[in-house]
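Per this note's numbering, the sequence shown runs over residues 212 to 582. Ideal Cβ positions, reconstructed from N, Cα and C, are used throughout, including at glycine. Keep in mind that this is a model prediction, so the values were computed, not measured. A short write-up of the structure that comes next.
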Amino acid sequence: MQEFVVTPWEVKGEIDYDKLIEKFGTKRIDDDLIQRIAKHTGELHLMLRRKIFYSHRSLNWILRKYEEGEKFVLYTGRGPSGNTHLGHLMPWIFTKYLQEKFKAKLLFQLTDDEKFLFKERLSLEDTRRYAYENALDVIALGFDPKLTEIFIDTEYIKTLYKIALKVAKKITFSTARAVFGFENSTNIGSIFFTSIQAAPAFLETERQGRAIPCLIPCAIDQDPHFRVARDVAPLLKYPKPALIHCKFFPSLAGKDKMSASEEETSIYTTDEPEMVKRKVMNAFTGGQATIKEQREKGGNPGVCSVFQYLFYFFEEEDMKIKRRELACRNGAILCGECKQYLAEKILRFLEQHQEKREKARDRIEEFIVRD
Ligand code: TRP
């Protein structure tokens, strides 16, 4: 099998999520931990039930603190390199669930600086524009404005900079190179950047002048940043941030992570109905070459992007997803039917999302914080 790659800047190949846990040194979210979460949340989010959020660091500690009466802040973010697609929404939707259930404050970082530094083609104006567009999607998900602060790095740098400096002073070049794979040709802004992404994890502790636990929901590719942040935290008398990691939302092409450049194999939050239908109809499935064969041998939902979309996002009911999986394997259902079903689900979701997204334009100042 082809070797896979997972770094904060590149995800490719067929990802072995179990191997990643080993490689990164994180912990699996086991059934005991899921039950411990359920004690506080009541219902379990689909992404926990289906092990889409599947790995963590120090989640037990965060829960223990919470059980002792100490609240945590949530921190997550987005690198504004383009428009938002469904894959980006996934961890944010889960973060919204956590905010609601734990009444937690959320810090949301938009790293316009990062995408400027790492993407040759993007100017600071581009990344700032995308940051504001992406913020609309965040707001549309229904975060509580009283509990949510969204900031764009270049507009909040005065607040972040002192923390970033303290962090940067504790990270050597050789650590950064080993963790992120930098080379001599890497621009020096990129080398410093991880300290900017670490800063919000310590912001609430700085503000309040006492240790405030922080929980970071993110896709597993972001773990390297926070592994370094956790290493330096004790040196700076900050609590180590806890993490809860998700897998990558599947691409309609059938590979594992969507990248913003794969326009035809990702659904963007701004896509028109016709585009959505076209993309879904062209999606990679686990079907056979002919209807006859499909009826005889059945399909393979394990490799089917349409099934994955339903599993990760659009089919809420566990019974229904189980039934569909069986019907596919038995050849009782054809790819065309699943595509139709998925397209309708996506269209219904997008119709509502786009309405909220437009309304968010007038609400943006309720959420954004600046220096
Ligand atoms: N680097 C992330 C990206 O490229 C954005 C980000 C900043 C982030 N802070 C974060 C993601 C905290 C998760 C958690 O998308």
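Using DSSP bridges, identify the partner residues of residue 306. Counting from 1 along the sequence shown, the entry for residue 306 is found at position 95. None, per the DSSP bridge assignment.
Closer than 7 Å by C-beta to residue 266: which residues in its own chain qualify, once you throw out the five before and the five after it? Chain order, please. Position 55 of the sequence shown holds residue 266. So the qualifying residues of the chain are 232, 237, 238, 239, 240, 431 and 456.
Can you tell me whether residue 585 is buried or exposed? The criterion is at least 16 other CB atoms within 10 Å of its CB, across all chains shown. Absent from the model: residue 585. The displayed extent of the chain is 212 to 582, so no value can be given.
Between residue 427 and the ligand TRP, is the CB less than 7 Å from at least one heavy atom? Position 216 of the sequence shown, counted from the start, is the residue given in the question as residue 427. Because some heavy atom of the ligand TRP lies under 7 Å away, the Cβ of residue 427 counts as near it: yes.
Can you determine whether any heavy atom of the ligand TRP sits closer than 7 Å to the C-beta of residue 286, and answer yes or no? Position 75 of the sequence shown, counted from the start, is the residue given in the question as residue 286. Residue 286: yes, Cβ under 7 Å from the ligand TRP.
Say the cut is 7 Å; is the CB of residue 290 nearer than that to a heavy atom of the ligand TRP? One-based indexing of the sequence shown puts residue 290 at position 79. Answer for residue 290: yes, Cβ within range of the ligand TRP.
Suppose you measure from the CA of residue 447 to the CA of residue 309; what does that come to, to the nearest Å? The residue labelled residue 447 in the question sits at position 236 within the sequence shown. The residue labelled residue 309 in the question sits at position 98 within the sequence shown. Rounded to whole angstroms, the separation of the alpha carbons of residue 309 and residue 447 is 28 Å.
Among 362, 344 and 439, the one whose alpha carbon lies nearest that of residue 381: As a position in the sequence shown, residue 381 is number 170, starting the count at 1. That would be 439, whose Cα lies nearest to the Cα of residue 381.
Closest by C-alpha distance to residue 296, when choosing among 460, 484 and 401: On the sequence shown, position 85 is the one that residue 296 refers to. Residue nearest to residue 296 within the set 460, 484 and 401 is 460 (criterion: CA-CA distance).
Cβ-heavy atom distance between residue 408 and the ligand TRP below 7 Å? Residue 408 sits at position 197 when you count from the first residue of the sequence shown. A heavy atom of the ligand TRP is found nearer than 7 Å to the CB of residue 408.
Is it the case that the Cβ atoms of residue 587 and residue 389 are separated by a distance below 8 Å? Nothing about residue 587 can be reported from this structure: the residues present for the chain run from 212 to 582 only.
Could you check what DSSP says for residue 222 in three-state terms: helix, strand or coil? Taking the sequence shown and counting its residues from 1, the one referred to as residue 222 is at position 11. Strand, per DSSP.
Spatial neighbours of residue 365 within its chain, please: CB distance less than 8 Å, with the 5 preceding and 5 following residues excluded, ordered by chain position. Taking the sequence shown and counting its residues from 1, one reaches residue 365 at position 154. Cβ within range, chain order: 323, 324, 335 and 339.
Does DSSP put residue 291 in a helix, a strand or coil? Mapped onto the sequence shown, residue 291 falls at position 80. If DSSP states are grouped into helix, strand and coil, residue 291 belongs with coil.
Which of helix, strand or coil does DSSP assign to residue 588? Given a span of 212 to 582 for the chain in the structure shown, any question on residue 588 remains unanswerable.
Just grab the DSSP bridge partners of residue 425 for me. The sequence position of residue 425 within the sequence shown is 214, counting from 1. BP columns for residue 425 point to 284.
Nearest candidate by alpha-carbon position, reference residue 514, set 429, 316, 463 and 418: Translated into positions along the sequence shown, residue 514 becomes position 303. Measuring C-alpha to C-alpha distances from residue 514 to each of 429, 316, 463 and 418 identifies 463 as the nearest.
Can we count residue 481 as close to the ligand ZN, meaning its CB is less than 7 Å from some heavy atom? Here the bound small molecules are the ligand TRP; the ligand ZN is not part of this structure.
Please report how far the alpha carbon of residue 484 lies from the alpha carbon of residue 564, in whole angstroms. The count along the sequence shown starts at 1 and reaches residue 484 at position 273. The count along the sequence shown starts at 1 and reaches residue 564 at position 353. Their Cα atoms are separated by approximately 13 Å.
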